[in-house]
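Colleague: Numbering-wise, the sequence shown is residues 0 to 122 according to numbering that gives the first Met the number 0. Quick one: the structure is below, questions incoming.
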Amino acid sequence: MDTKLATTNIRLSQWNAIIQDRIHSGLTVDEYCEDKDITRNMYYYWLRKVKEAAIEACPETFAELCPTEIISDVESGSAFSPQMIIRANNLTIEVNGNTPQMVEYIMNVVYLLILYRIVREIK
Numbered sequence: 000m001d002t003k004l005a006t007t008n009i010r011l012s013q014w015n016a017i018i019q020d021r022i023h024s025g026l027t028v029d030e031y032c033e034d035k036d037i038t039r040n041m042y043y044y045w046l047r048k049v050k051e052a053a054i055e056a057c058p059e060t061f062a063e064l065c066p067t068e069i070i071s072d073v074e075s076g077s078a079f080s081p082q083m084i085i086r087a088n089n090l091t092i093e094v095n096g097n098t099p100q101m102v103e104y105i106m107n108v109v110y111l112l113i114l115y116r117i118v119r120e121i122k
């Protein structure tokens with residue numbers, strides 16, 4: 000790996016941490032930048048660079064979603080008993096299966112949702 004690429008990757012990593020810190024701080028971009036002595040232009044420049052890197056790193060895959068009829072537990076007569084429950088903020092994922100493949104699939108979906116959120120914030 001050449002020096003310029005290594006330096007860029009280090010800066011991307013540092014700015015990714017800064018951007019995540021700003022998001023979790025609850026402050027506006029202007030408030031955060033003033034508090035951390037960062038120019039607003041620098042923040043948005045690196046936000047764009049981090050998003051571009053995230054998009055490049057994300058493989059272009061599509062999952063076909065097929066609508067199905069939903070049968071509630073009450074109607075079916077059996078209670079749903081998830082083997083795995085993931086909770087984060089306002090999101091709850093309940094899964095009836097905990098194979099390594101299922102966990103990996105769910106983690107990939109969550110990762111793509113996070114990337115989507117980051118890209119959406121940039122626009």
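Each residue gets a CB set at the ideal place from its N, CA and C atoms; glycine is no exception. This one's a predicted model, so the numbers in the text were calculated from it and none came from an experiment.
(1) Going by C-alpha to C-alpha distance, which of K50, V49, T27 sits closest to R39?
(2) Measuring only the C-alpha atoms, how far is D36 from T7?
(3) Can you confirm whether the segment 14–25 touches the segment 46–56 when touching is taken to mean that 3 or more C-beta pairs between the two stretches lie within less than 8 Å?
(4) Name the two residues that bound the continuous beta strand (DSSP E) containing T91.
(5) If you check the beta carbons only, do I117 and A56 fall under 9 Å apart?
(6) Any idea which residues DSSP pairs I84 with across the strands?
Modeller: On the basis of the coordinates in this document:
(1) T27
(2) 21 Å
(3) yes
(4) Counting along the chain, the unbroken beta strand (DSSP E) around T91 starts and ends at 90–94.
(5) no
(6) Residue pairing by DSSP puts I84 in a beta bridge opposite E93.
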